[in-house]
Amino acid sequence: MSNLKDLVDFVIHYKVPPSEAEAGFVQLIQALTTVGLATEVRHGDNNSLLVFVKVASPDLFAKQVYRARLADWLHGVRVSAPHSDVKQALQDEPVVEAERLRLIYLMITKPRNEGGAGITPSNAKWKYVESIFPLHSHKFNKNWIKKWSSKYILEQSDIDDIRDKFGESVAFYFAFLRSYFRFLVIPSGFGFVAWLLLGQFSFLYALLCGLWSVVFLEYWKKQEVDLAVQWGVRGVSSIQQARPEFVWDREAEDPVTGEVVKVYEPMKRIKTQLLQIPFALACVIALGALIVTCNSLEVFINEVYNGPGKQYLLTSVAHDAALIQKQFVLNFMTSYMALFFTAFVYIPFGHVLVPFLEFWRKTAQVVTFSEKPLPTREFQINPARISNQMFYFTVTAQIVNFATEVVVPYLKREALEKAKALKSQPKVQDDHEEEAEFLERVRKESTLETYDVSGDYREMVMQFGYVSMFSVAWPLAACCFLVNNWVELRSDALKIATSSRRPIPWRTDSIGPWLTALSFISWLGSITSSAIVYLCSGARGNGSHGEPSPLKAWGLLLSILLAEHFYLVVQLAVRFVLSKLDSPGVQKERKERFLMKRKLLEENIGQGASEESSVPGIDHSEKITREALEEEARQTSIRGHGTPEEMFWQRQRGMNETIDVGRRMIEQQKAAAEKNGKAKSAEPSMKAA
1 MSNLKDLVDF
11 VIHYKVPPSE
21 AEAGFVQLIQ
31 ALTTVGLATE
41 VRHGDNNSLL
51 VFVKVASPDL
61 FAKQVYRARL
71 ADWLHGVRVS
81 APHSDVKQAL
91 QDEPVVEAER
101 LRLIYLMITK
111 PRNEGGAGIT
121 PSNAKWKYVE
131 SIFPLHSHKF
141 NKNWIKKWSS
151 KYILEQSDID
161 DIRDKFGESV
171 AFYFAFLRSY
181 FRFLVIPSGF
191 GFVAWLLLGQ
201 FSFLYALLCG
211 LWSVVFLEYW
221 KKQEVDLAVQ
231 WGVRGVSSIQ
241 QARPEFVWDR
251 EAEDPVTGEV
261 VKVYEPMKRI
271 KTQLLQIPFA
281 LACVIALGAL
291 IVTCNSLEVF
301 INEVYNGPGK
311 QYLLTSVAHD
321 AALIQKQFVL
331 NFMTSYMALF
341 FTAFVYIPFG
351 HVLVPFLEFW
361 RKTAQVVTFS
371 EKPLPTREFQ
381 INPARISNQM
391 FYFTVTAQIV
401 NFATEVVVPY
411 LKREALEKAK
421 ALKSQPKVQD
431 DHEEEAEFLE
441 RVRKESTLET
451 YDVSGDYREM
461 VMQFGYVSMF
471 SVAWPLAACC
481 FLVNNWVELR
491 SDALKIATSS
501 RRPIPWRTDS
511 IGPWLTALSF
521 ISWLGSITSS
531 AIVYLCSGAR
541 GNGSHGEPSP
551 LKAWGLLLSI
561 LLAEHFYLVV
571 QLAVRFVLSK
581 LDSPGVQKER
591 KERFLMKRKL
601 LEENIGQGAS
611 EESSVPGIDH
621 SEKITREALE
631 EEARQTSIRG
641 HGTPEEMFWQ
651 RQRGMNETID
661 VGRRMIEQQK
671 AAAEKNGKAK
681 SAEPSMKAA
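Residue numbering for the sequence shown follows UniProt numbering, beginning at 1 and increasing consecutively.
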């Protein structure tokens, strides 16, 4: 079975009613064959076909690799161009599995005018192409899970293995999670000490947490560049593949290259993008009102209403993974709005809400058709409320997330297989005995979900926000996330290996827009933490009713202003220090650039140039100079008298004659100086006589 897998590059799941299958299937096979791909077809499940694809000719694929690497060099991704000999270039830098799969996927999906087959699942022409996916290497996955499960700390070599197998897009996520996990040790230690000695809303812990977020963010920016250089993908974002769904307004000539390019009017794009602003504001108002309503109702039930039926409900909304910017806005609101309400409204201004809580008491009385007032107790601010919320986000929600990511997909697959076994259908498959096990595995993989790395990024970015913005309310948050992320590293690997199709190994040189989100959260965390400390620290145990100490607007603004300036100063200092530190990636880039420049210098000047310009080469230089001058003199005599400019360079014939003339001039000047000296010494004696 493993040998069969090694001979297959991609599988196309072609699902179509039998009455409409033939014409589209013929077009599919013809398109693949035209670009140099070999195909085999087998039965799939539920009126579908499995088209197995591989490169027909190794020489053709070698040329594809060479063209891709040459394009990287032209776009500045590679420092040096690949060797002019294709075979030598592949020997110098062997093709890893991720690069092979990426290039073959581009051969399948790129438009025909760019050398591809133009087959994309989202295209109307290929509406029956369900999916295009590579096959998992079960041997690698098994060793991967076993290796990571037995290691406490991951090494760079483990991340490099992921990069070679799944590409830089997935490898960057695991590299980020690995660095984030290591840095979490610092706030975990601070948080545990603060929980034991300082309690909630510690100014010192808020200061240290803000410092940690700045250092981590700036470190990761440098680490990101370092990894991009080591993996040879720095600047790869400049090489963009056209989307098949792209709709253009007109075609125009590129002023730089002169090529005809498709253009979509920028103002139309800006107008479309601006639509998300009122949408986001509407979401803030609607969702904010909903969360405020839910929280005020929850406060009434838990802390005013003295009857039965307590309930604590919080929901998370799944958003489209492709729209990262909009995801972040919506997830920011859904993840943090309740905490903002508790920290900035409930704890510092809880008693202002008492009249509004009466609304819920009357509503409950009407709903229950009760004539007697509902039993209530005197309202008291509960500072532990935000700790309970943080406990939910850091512990309960993480357990639920693990179950939905790993356990639920496993149970779902098992249930579907059981249902499929019980469902009586005439068997269409007539597999060869030696292929049966392999084909059954492929059919199972075709039913798996597509892995979305942005979902995992979103989870870590939101977690970073909990630590940097709200862990001052519950210092143990970082400790809980540290334990969670040790499990997360391994559960995400398990999810890729068992619950998802093998991801397409796309290249990237960073974590993309999530870095901007981290920067925003880090900055906002410095402001939020200081504001929470100022607003909420006075609510702990002041008076019998937990009444907060008096708050002043100037004090809040001053704490925010000082915190932001502290953040900016620390950021500049950390950037300055890190800029002075060298790294393996930067060293590698400098070395490659130096070697490239030296190679170009040697190719243009030649190794013998320095030898010819040394002392043994004088005779040769003299010969060349004399021959040139004699030829000039001959041409001058043919034309007649030369011009003053031409005669100027014909007075002396070569280097030796120039030296002789110079020596004579020096002797003449020396003799003249001696003569002048004797004449000056004779004048005083004559005057004395």
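All residues carry an ideal CB built from backbone N, CA and C; glycine is no exception.
Being a predicted model, the structure only gives us computed values, none of them experimental.
Short of 8 Å from the beta carbon of Lys87, and not among the five residues preceding or following it, lie these beta carbons of its own chain, in chain order: Ala62. Restricting attention to Leu562, Ser559, Ser529, the CA atom closest to the CA of Ser213 is found in Ser529.
Using a 10 angstroms sphere on the CB of Val79, the tally of other CB atoms reaches 16 or more, which defines it as buried. Comparing alpha-carbon positions, the option among Ser519, Lys444, Glu218, Ala477 lying closest to Ser499 turns out to be Lys444. Taking the C-beta atoms as reference points, Tyr346 is found nearer than 8 Å to Arg385. Contact annotation: Glu114 and Lys15 have beta-carbon atoms that are not nearer than 8 Å. Apart from the 5 residues on each side of it in sequence, Trp474 sits with its Cβ closer than 6 Å to the Cβ of Ser387, Met390 in its chain, given in chain order.
Taken in chain order, the complete alpha helix (DSSP H) segments of 4 or more residues contained in the segment 472-554 are 477-494, 513-536. With at least 16 other beta carbons inside 10 angstroms of its own, Pro348 counts as buried. By the neighbour-count definition (other C-beta atoms within 10 Å, threshold 16), Arg507 is a buried residue. Here the alpha carbons of Val574 and Ala497 stand approximately 38 Å from one another. Bounds of the beta strand (DSSP E) holding Arg42 are 37-43.
Per DSSP, the beta bridge partners of Phe52 are Val11, Glu40. Look at Ser137 here: in three-state DSSP terms it is coil, with no helix or strand label. Approximately 18 Å separates the beta-carbon atoms of Val41 and Met107; this is outside 8 Å, ruling out the contact. Judged by beta-carbon spacing, Ala98 lies within the 8 Å limit of Arg163, meaning their Cβ atoms are closer than that value. Beta bridge pairing from DSSP links Val77 with no other residue. Residue pairing of Ile132 in beta bridges, as defined by DSSP: Ile12. Tyr567 places its beta carbon less than 8 Å from that of Gly210.
In chain order, Phe201, Ala343, Val472, Ala473 place their CB closer than 7 Å to the CB of Ile532, counting only its own chain and leaving out the 5 sequence neighbours on each side.
Pairing Ala23 with Leu50, the inter-Cα distance amounts to about 16 Å. Three or more Cβ pairs drawn from the segment 480-493 and the segment 401-418 lie within less than 8 Å of each other, which places the two stretches in contact.
Cβ atoms of Ala81 and Leu70 come within 8 Å of each other, at about 7 Å.
When rounded, the separation of the alpha-carbon atoms in Phe464 and Pro584 is 27 Å.
Counting every other CB atom within 10 Å of its CB across the protein chains shown gives Asp660 a total below 16, marking it as exposed. For Leu60, same chain residues with a beta-carbon under 7 Å away, outside a window of 5 residues either side, are Gly36 in chain order. Rounded to the nearest angstrom, the Cβ distance from Phe52 to Thr39 is 7 Å, consistent with a contact under 8 Å. In this structure, Gly116 and Pro505 do not form a Cβ contact; the two beta carbons are roughly 17 Å apart against a cut-off of 8 Å.
Rounded to the nearest whole angstrom, the CA to CA distance from Gly189 to Gly199 is 14 Å. With contacts defined as CB atoms closer than 8 Å, Arg234 and Val77 qualify as a contacting pair.
In this structure, Phe393 lies near Tyr466, with their beta-carbon atoms less than 8 Å apart.
Each residue's CA atom was taken as its position, placing Leu476 and Pro409 some 31 Å apart. Phe216 places its beta carbon less than 8 Å from that of Phe183. Going by DSSP, Met107 is part of the alpha helix (DSSP H) stretching over 97-109. If you draw a 10 Å sphere on the C-beta of Asp92, you find fewer than 16 other C-beta atoms in it, and that means exposed. In the three-state reduction of the DSSP assignment, Glu414 falls in the helix class.
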